[in-house]
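Undergrad: Have a look at this one.
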Amino acid sequence: MASSISMKRTAEDRMPLLAHLMELRRGLIISAIALAGGFGIAIGLYDKIMAFLFEPLLQLAEGSGGNVLYITTLAEGFLVKLKISALAGFIISLPVHLFNLLYFIFPGLIKRERQILIITLICSFFFIVGGFFYSYYSIIPVSIVFLTGTGFIPENTGMLLSFGGNLFYILQFILMTLVVFQMPVLIEILLVLNVVQRKVLLKIGRYMVVLFFLISALLTPPDFVTQVGLALPMTGLFYLTLLVAKIFKFGE
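Take 1 as the starting number for the sequence shown in the UniProt record's numbering and just add one per residue.
Next comes the structure, spelled out in structure tokens:
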């Protein structure tokens with residue numbers, strides 16, 4: 001009798017696990033379909049995506065006969081299209097991946113954790129938008145002008161810029177800026193959960209500024225303009241985060 005009851009309880013305990021595994025399987029299938037669909041859409045929009053990536057480089061077209069970038073290997077055009085379409089497809093399908101993730105983890109969260117997660121996603125979205133506009137319209141054009149200026153390139157020297165290398169330079173810089181602009185969200189979460197105290201972060205503020213410049217030097221090309229252009233917003237966002245935490249009394 002006791003053995004049958006124990007077996008019944010074991011079966012009941014396994015059901016939630018099996019249900020979660022089925023949900024995970026369903027979510028992975030949906031995400032795979034969404035990723036494939038996003039890739040197909042990106043292939044169809046490839047010309048528009050390329051026009052978007054070329055925009056910061058058009059200032060270099062003057063005096064070059066209209067050609068800005070050059071393909072240097074036979075497979076470069078194909079590989080660049082494949083990689084950029086895959087990345088764009090992931091970005092297009094990202095809302096589906098996020099929805100699947102939330103659908104999977106929400107049942108296991110308490111009310112406060114759900115609220116924190118929703119607010120985090122909203123704030124993260126706005127910081128992503130801000131980081132994109134800052135990098136694409138401010139830092140990248142300045143970086144291109146600085147790196148291709150006469151101070152580095154002699155007067156009688158032409159430029160033969162690689163098609164893939166320079167497009168991925170722009171993409172990499174945008175993505176790195178988006179990651180950096182998520183720092184305030186991460187710090188605010190740590191303060192809300194009392195993982196770290198606000199006064200501790202304020203006390204080590206000068207060391208954080210040095211760390212920001214080191215991170216910027218690692219993420220950006222080896223020129224002073226882009227490094228400062230990325231480190232200064234990181235510093236400003238850090239202290240803005242502490243100010244918001246003080247207003248709402250986070251990390252006390």
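By construction, the Cβ of each residue, glycine as well, lies at the ideal position given by its N, Cα and C atoms.
Suppose contacts are defined by Cβ-Cβ distances below 8 Å. Is PHE250 in contact with VAL192 by that definition?
TA: yes
Undergrad: Please name the residue, chosen from SER135, LEU186, TYR207, that lies closest to THR226 on a Cα-to-Cα basis.
TA: SER135
Undergrad: Give the secondary structure of LEU190 by DSSP, where H, G and I count as helix, E and B as strand, and everything else as coil.
TA: helix
Undergrad: Which residue's Cα is closest to the Cα of ILE43: PHE238, PRO56, ALA88?
TA: ALA88
Undergrad: With distance defined between alpha-carbon atoms, name the residue in THR72, HIS97, LEU218, TYR46 nearest to GLY82.
TA: Position check: residue 82 holds Leu in this sequence, whereas Gly was assumed. If we check each option's Cα against that of LEU82, TYR46 comes out closest.
Undergrad: Output the residue ranges of the alpha helix (DSSP H) runs that lie fully inside the stretch 167-227 and measure 4 residues or longer, sorted by chain position.
TA: 183-192, 198-203, 205-219
Undergrad: Ordered along the chain, which non-local residues of its own chain (more than five positions away) have a Cβ less than 7 Å from that of VAL96?
TA: ILE30, SER31, ALA34
Undergrad: Can you name, in chain order, every residue of its own chain whose Cβ lies under 6 Å from the Cβ of ILE49, other than the five neighbours on each side?
TA: ALA88
Undergrad: Should VAL80 and PHE163 be called a contact, given that it needs their Cβ atoms to be closer than 8 Å?
TA: yes
Undergrad: So what's LEU109 in DSSP terms, helix, strand or just coil?
TA: coil
Undergrad: Could you spell out the range, first to last residue, of the alpha helix (DSSP H) harbouring TYR46?
TA: 46-54
Undergrad: What does DSSP give as the partner residues of SER162 in its beta bridges?
TA: TYR70
Undergrad: Going by beta-carbon coordinates alone, are PRO233 and PRO141 separated by less than 8 Å?
TA: no
Undergrad: How many Å lie between THR241 and VAL195 at the Cα?
TA: Rounded to whole angstroms, the separation of the alpha carbons of VAL195 and THR241 is 15 Å.
Undergrad: Decide if ASN67 is buried, meaning its Cβ has at least 16 other Cβ atoms within 10 Å, or exposed.
TA: exposed
Undergrad: Under a three-way DSSP split, which group does GLU12 fall into?
TA: Interpretation of GLU12 is limited by its pLDDT of 45, a score under 50 that renders its predicted location unreliable; no figure is taken from the coordinates.
Undergrad: Given this structure, state the Cα-to-Cα distance separating ASP223 from ILE71, to the nearest angstrom.
TA: 25 Å
Undergrad: Rounded to the nearest angstrom, how far is the Cβ of SER106 from that of ARG112, given a contact under 8 Å?
TA: The sequence shown places Phe at residue 106, not Ser. With 8 Å as the limit, PHE106 and ARG112 do not qualify as a contact, their Cβ atoms being about 13 Å apart.
Undergrad: Would you say THR157 faces chain B, with C-beta separation under 8 Å as the test?
TA: Although the question refers to chain B, the structure presented lacks it and comprises just one protein chain.
Undergrad: Starting from the C-beta of ILE174, find all residues in its chain whose C-beta is less than 7 Å away, skip the five residues before and the five after it, and write them out in chain order.
TA: PHE132, SER135, TYR136
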